[in-house]
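Visitor: Pasting in a structure now, in structure tokens, and then I'll have a few things to ask.
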């Protein structure tokens, strides 16, 4: 028994569907290649509201040699995640690092110093204020990494925070 196939001219239904699919793909590719390529203009997001923040971090038991090198690199711009951040280390103060001697007296350790750094920056005003500078939250008592393009001191603690009004 012979099987009948619906033919239109020399094409059958499957051939017509295949040709239609090929034409659609070619038309789509042509449209993509010939389109203007100009992106649709989107409305720019408004700049976030910013507030100034000044905070002080303390680093204890820093090598006296490191202190001597740091003196030449203050003021310095903050960095985080490989990018520069809108904030600066504006001041650095040195105090002696004290240790308890064998006779129970506090004495200065000549090998180490205690450093305090004053940092000014801006942080976004958010519905829930998080006081972030770069990727770090700024809160009194919180461990902090002080990082600029030339400085990195990881054992610091935030000892004071003031927000601008």
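In our numbering, the protein residues as written are 30 to 194.
Backbone N, C-alpha and C define an ideal beta-carbon position, used for all residues, glycine too.
No experiment lies behind these values; they were computed from the predicted model shown.
Taking DSSP's pairing of strands, which residues face residue 84 in a bridge?
Guide: Your numbering for residue 84 matches position 55 in the chain shown. In the DSSP assignment, residue 84 is bridged to 148 and 190.
Visitor: Identify which residue in 86, 82 and 49 has its Cα closest to the Cα of residue 171.
Guide: Working through the chain shown from its first residue, we reach residue 171 at position 142. Nearest option by C-alpha distance: 86.
Visitor: Expressed to the nearest angstrom, what Euclidean distance is found between the alpha-carbon atoms of residue 105 and residue 176?
Guide: Sequence index remark: in the chain shown, residue 105 carries index 76 (1-based). Sequence index remark: in the chain shown, residue 176 carries index 147 (1-based). Approximately 9 Å between the Cα atoms of the pair.
Visitor: Report the three-state DSSP secondary structure of residue 39 (helix, strand or coil).
Guide: Reading the chain shown from its first residue, position 10 is the one you call residue 39. Coil.
Visitor: Where residue 185 and residue 140 are concerned, what is the direct C-alpha to C-alpha distance, given to the nearest angstrom?
Guide: As a working note, residue 185 is residue 156 in the chain shown. As a working note, residue 140 is residue 111 in the chain shown. Residue 185 and residue 140: Cα-Cα distance of roughly 18 Å.
Visitor: How is residue 169 classed by DSSP in three states: helix, strand or coil?
Guide: Position 140 of the chain shown holds residue 169. Reduced to three states, the DSSP call for residue 169 is coil.
Visitor: Applying the criterion that 16 or more other CB atoms from any shown protein chain within 10 Å of the CB defines a buried residue, is residue 160 buried or exposed?
Guide: Walking along the chain shown from the start, residue 160 turns up at place 131. The residue in question, residue 160, is buried, as its Cβ has 16 or more Cβ neighbours within 10 Å.
Visitor: Using 9 Å as the threshold, is the C-beta distance between residue 119 and residue 148 below it?
Guide: In the chain shown, the residue the question calls residue 119 occupies position 90. In the chain shown, the residue the question calls residue 148 occupies position 119. Going by C-beta atoms, residue 119 is nearer than 9 Å to residue 148.
Visitor: Could you round the C-beta distance between residue 117 and residue 127 to whole angstroms and report it? I think they count as a contact, below 8 Å.
Guide: The residue labelled residue 117 in the question sits at position 88 within the chain shown. The residue labelled residue 127 in the question sits at position 98 within the chain shown. Beta-carbon to beta-carbon, residue 117 and residue 127 are separated by about 30 Å, too far to satisfy the 8 Å threshold.
Visitor: So is residue 150 buried or exposed if we call it buried at 16+ other beta carbons inside 10 Å?
Guide: Taking the first residue of the chain shown as position 1, residue 150 is located at position 121. Buried.
Visitor: Check residue 64 in the structure and name its three-state DSSP category.
Guide: Taking the chain shown and counting its residues from 1, one reaches residue 64 at position 35. If DSSP states are grouped into helix, strand and coil, residue 64 belongs with coil.
Visitor: Which of helix, strand or coil does DSSP assign to residue 159?
Guide: Here residue 159 corresponds to residue number 130 of the chain shown, with the count starting at 1. Residue 159 falls in the coil class under three-state DSSP.
Visitor: Per DSSP, residue 104 forms a beta bridge with which residues?
Guide: Within the chain shown, numbered from 1, the residue matching residue 104 stands at position 75. According to DSSP, residue 104 bridges with nothing at all.
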